[in-house]
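Quick note, the sequences are listed as chains Z and X, same order.
Following the working numbering, the residues of the first sequence are numbered contiguously, the last one being 337.
Following the working numbering, the residues of the second sequence are numbered contiguously, the last one being 337.
Note that CB positions come from ideal geometry on N, CA and C, so glycine has one too.
A quick write-up on the structure given underneath.
Protein chains: 2
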Amino acid sequence: MAEGINRQWTLASRPEGYPAEENFALVESPIGDTGPGDLLVQTIWLSLDPYMRGRMAAGRSYTAPVEVGGVMQGEVVGRVVESRAAGFVRGDIVAAPLGWQEYGHVSGLRARKVDLSIGPISTALGVLGMPGLTAYFGLLDVGEARPGDVVVVSAASGAVGAVAGQIARLMGCRVVGTAGTDEKVSYIVEELGFDAGINYKSEDVGEALSSACPDGVDVYFDNVGGPVTDAVLERLRYRGRVAICGQISQYNLARPEQGPRNLRYLLTNQARMEGFLVFNYAARYEEARGRLARWVADGRVKYREDVVEGFEQAPRAFIGLMHGANFGKLLVKAGE
Amino acid sequence: MAEGINRQWTLASRPEGYPAEENFALVESPIGDTGPGDLLVQTIWLSLDPYMRGRMAAGRSYTAPVEVGGVMQGEVVGRVVESRAAGFVRGDIVAAPLGWQEYGHVSGLRARKVDLSIGPISTALGVLGMPGLTAYFGLLDVGEARPGDVVVVSAASGAVGAVAGQIARLMGCRVVGTAGTDEKVSYIVEELGFDAGINYKSEDVGEALSSACPDGVDVYFDNVGGPVTDAVLERLRYRGRVAICGQISQYNLARPEQGPRNLRYLLTNQARMEGFLVFNYAARYEEARGRLARWVADGRVKYREDVVEGFEQAPRAFIGLMHGANFGKLLVKAGE
Chain Z
2 MAEGINRQWT
12 LASRPEGYPA
22 EENFALVESP
32 IGDTGPGDLL
42 VQTIWLSLDP
52 YMRGRMAAGR
62 SYTAPVEVGG
72 VMQGEVVGRV
82 VESRAAGFVR
92 GDIVAAPLGW
102 QEYGHVSGLR
112 ARKVDLSIGP
122 ISTALGVLGM
132 PGLTAYFGLL
142 DVGEARPGDV
152 VVVSAASGAV
162 GAVAGQIARL
172 MGCRVVGTAG
182 TDEKVSYIVE
192 ELGFDAGINY
202 KSEDVGEALS
212 SACPDGVDVY
222 FDNVGGPVTD
232 AVLERLRYRG
242 RVAICGQISQ
252 YNLARPEQGP
262 RNLRYLLTNQ
272 ARMEGFLVFN
282 YAARYEEARG
292 RLARWVADGR
302 VKYREDVVEG
312 FEQAPRAFIG
322 LMHGANFGKL
332 LVKAGE
Chain X
2 MAEGINRQWT
12 LASRPEGYPA
22 EENFALVESP
32 IGDTGPGDLL
42 VQTIWLSLDP
52 YMRGRMAAGR
62 SYTAPVEVGG
72 VMQGEVVGRV
82 VESRAAGFVR
92 GDIVAAPLGW
102 QEYGHVSGLR
112 ARKVDLSIGP
122 ISTALGVLGM
132 PGLTAYFGLL
142 DVGEARPGDV
152 VVVSAASGAV
162 GAVAGQIARL
172 MGCRVVGTAG
182 TDEKVSYIVE
192 ELGFDAGINY
202 KSEDVGEALS
212 SACPDGVDVY
222 FDNVGGPVTD
232 AVLERLRYRG
242 RVAICGQISQ
252 YNLARPEQGP
262 RNLRYLLTNQ
272 ARMEGFLVFN
282 YAARYEEARG
292 RLARWVADGR
302 VKYREDVVEG
312 FEQAPRAFIG
322 LMHGANFGKL
332 LVKAGE
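As structure tokens, then:
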């Protein structure tokens, strides 16, 4: 394989505002040799996730950005083509932070064997992967959801929001979700069992929330920020908790946006707001994955994948994700 | 005493924007009889505190507002003139939520005997009263300050901020305070031992913070909100904590203000922000008061009182408090 040709999507330039196709470049290069301790992995599924927008920006966030000219970061599920790492053999299916490329080398320490018995391998990037784990810890540990709580989830049909809302539902919370199309709203209510859904683009979110949560909100699982979040904060209950998972409404603004100063809602309600990243819960991933797998097997947690065929489609699909065009967990099918 | 004449400051009308003297009315009325279980208390010291602005507004906050025509709420230290409550005798010095009046009846259950051995009785409204307790629990329990933390306190020369900063200092934090005059800044640094002070009116707060806290802020004890808070949030460190005690910059705005959307600082730093009220820590008041009293006795926590002579001056003094005109804990000397 070392003589094979690899294809990579690199960051051609940093976007201002929404990313465009010109910000990405498709590069061909030799695959190269596999070093000691490493695996050569061929990508089958490439995961596209909102956090990648942060990696395209120059400023340091919680981790360093992608350099211009560097390979776009991301996690894949792929097949081990060559193993020089203990515990892995050719043919194993692994999840690994390979980036946007068809082939890549990764330390065996950073790869995880995918359990083929618990679901399609693509779920290792969705409901049984980072998005599902994020939902689990964000709802239960950061949001401290309790049975009987009123829980609001934004971007509720997305990879994280759909899982967060379903866990809240199965544990006895009342769950209200927001999404950007009537089809998505219908999906979270009819298919996922949310108690109510709000189309934040066509409805007055404040009025709809007042109607769906007349006594206010105990837990808000926030993926979006912006005006949806403003409306929820105004309706927080005593000792409410806000788990800040994402702020996608803010990621693609060419210049920062202003909004109402609303910290007083935290003060008068003695409420808490906390930003979190799933990595801090790494020691408990297997706890969460085991439970999620059981709920998926039981049909108590459903998932939906939005599959884009072809590695070369990755930038276009990612741009769509930034605009809310996907419906469910966005995946690129990059190989067999 | 029942035939005596009482004077009360009532809420004449609700302010729009900053309160004005016309919003208050001085009313005379008979003192009335003391019911079973009650005390008749003569006010010596009336405490004026920023939270009172919230009680003047119509909207329900964490507690019901003062009705128009009702006596302004507040805590006093006074002398028991008549006792029909077990455990109290005439002449006892008590702290009680009497409101803005020269005499008042209060249940013995809501009055607390002031320990005359631990300091001047006025301290029961300041460093050893609600402001001191607020500082203690806000810094330690909400802010979770730890030795070595960089702590920023806004309104740092005020009744709460001065105590919060000094506790942080004595426990081994680096402490930076903001205040509105050079005199106040000099006081917190020279007298109270803060590591640095920032005049938020004359300095660029962001630049001054970057200089005083080059590695960022672990704990922010916020009394003010607004642009000072914006500047601190931009400099939060990994796992930073924001204890929201007050938002005085927002209390007197005729219309709500906009500010930068900055929840992403919570997200990327996995930081936490929490509003709190001291009442939730009532079960631990004596723990805190005992420690504060010892620190005051040792000279490790200093306090400064801004005394206004004369009950009739209360509205004017309170309006000054809203404008930051006080310097230290604001008290009205209402009686002997």
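- Here G38 (chain X) is exposed, its C-beta having fewer than 16 other C-beta atoms within 10 Å.
- 8 Å or more divides the Cβ of L40 (chain X) from the Cβ of V128 (chain X).
- By the criterion of at least three beta-carbon pairs nearer than 8 Å, the segment 146-166 of chain Z is in contact with the segment 176-194 of chain Z.
- For Y188 (chain Z), there is no enclosing beta strand (DSSP E), as DSSP gives it neither H nor E.
- Taking each of Z:G70, Z:G321 and Z:E103 in turn and checking the Cα distance to N253 (chain Z), the smallest one comes out for Z:G321.
- In the three-state scheme derived from DSSP, where H, G and I count as helix and E and B as strand, N270 (chain X) is classed as helix.
- Using a Cβ distance threshold of 8 Å, G226 (chain Z) and R170 (chain X) do not count as a contacting pair.
- Taking all protein chains shown into account, L117 (chain Z) has fewer than 16 neighbouring C-beta atoms within 10 Å of its C-beta and is therefore exposed.
- Within the segment 62-93 of chain X, the residues whose Cβ lies closer than 7 Å to some Cβ of chain Z are S62 and Y63, listed in chain order.
- Distance from the CA of Y304 (chain Z) to the CA of S187 (chain Z), rounded to the nearest whole angstrom, comes to 15 Å.
- Secondary structure of P31 (chain Z) (DSSP, three-state): strand.
- In the three-state reduction of the DSSP assignment, T124 (chain Z) falls in the helix class, which pools H, G and I.
- Around the C-beta of T11 (chain Z), 16 or more other C-beta atoms lie within 10 Å, and the residue is accordingly described as buried.
- I45 (chain X): not part of any alpha helix (DSSP H); member of the beta strand (DSSP E) spanning D39 to S48, first to last residue.
- Going by DSSP, Q251 (chain Z) is part of the alpha helix (DSSP H) stretching over I249 to Y252.
- Remark: three or more beta-carbon pairs, one from each stretch, lie closer than 8 Å, so the segment 40-55 of chain X and the segment 73-86 of chain X are flagged as touching.
- Q9 (chain X): member of the beta strand (DSSP E) spanning I6 to L12, first to last residue.
- Judged by beta-carbon spacing, F222 (chain Z) lies within the 8 Å limit of G144 (chain Z), meaning their Cβ atoms are closer than that value.
- By alpha-carbon distance to V69 (chain X), the top candidate from X:E22, X:S14, X:V28 and X:P316 is X:S14.
- The Cβ atoms of E275 (chain Z) and A232 (chain Z) do not sit closer than 8 Å to each other.
- DSSP places T135 (chain Z) inside the alpha helix (DSSP H), whose first and last residues are M131 to F138.
- In the three-state DSSP reduction, V82 (chain X) falls in the strand class (E or B).
- Unbroken beta strand (DSSP E) stretches of 3 residues or longer found wholly inside the segment 151-238 of chain X: 151-154, 175-180, 197-200 and 218-223, given in chain order.
- Contact annotation for Q248 (chain Z) against chain X: L264, R265 and L268 [CB-CB distance below 7 Å, chain order].
- Rounded to the nearest whole angstrom, the CA to CA distance from S123 (chain X) to G207 (chain Z) is 46 Å.
- Residue nearest to L267 (chain X) within the set X:S62, X:R236, X:V229 and X:F328 is X:R236 (criterion: CA-CA distance).
- The segment 53-77 of chain X is shown to contain no whole beta strand (DSSP E) run of 3 or more residues.
- At least 8 Å separates the CB of P51 (chain Z) from every CB of chain X.
- Under DSSP, K334 (chain X) shares a beta bridge with X:W46 and X:E310.
- In terms of CA proximity to G173 (chain Z), Z:G149 leads the group Z:R8, Z:G149 and Z:A86.
- About 12 Å separates the Cβ atoms of V164 (chain Z) and V279 (chain Z), ruling out a contact at the 8 Å cut-off.
- At a cut-off of 8 Å, the C-beta of A272 (chain X) has a neighbouring C-beta in chain Z.
- Of the candidates X:I119, X:W101, X:G120 and X:I94, the residue whose Cα lies closest to the Cα of G109 (chain X) is X:I94.
- Counting other Cβ atoms within 10 Å of its Cβ, N281 (chain X) stays below 16 and is therefore classed as exposed.
- Note on geometry: alpha-carbon atoms of S62 (chain X) and A272 (chain Z) lie some 13 Å from one another.
- Below the 7 Å Cβ cutoff, chain X contributes Q271 as neighbours of F277 (chain Z), in chain order.
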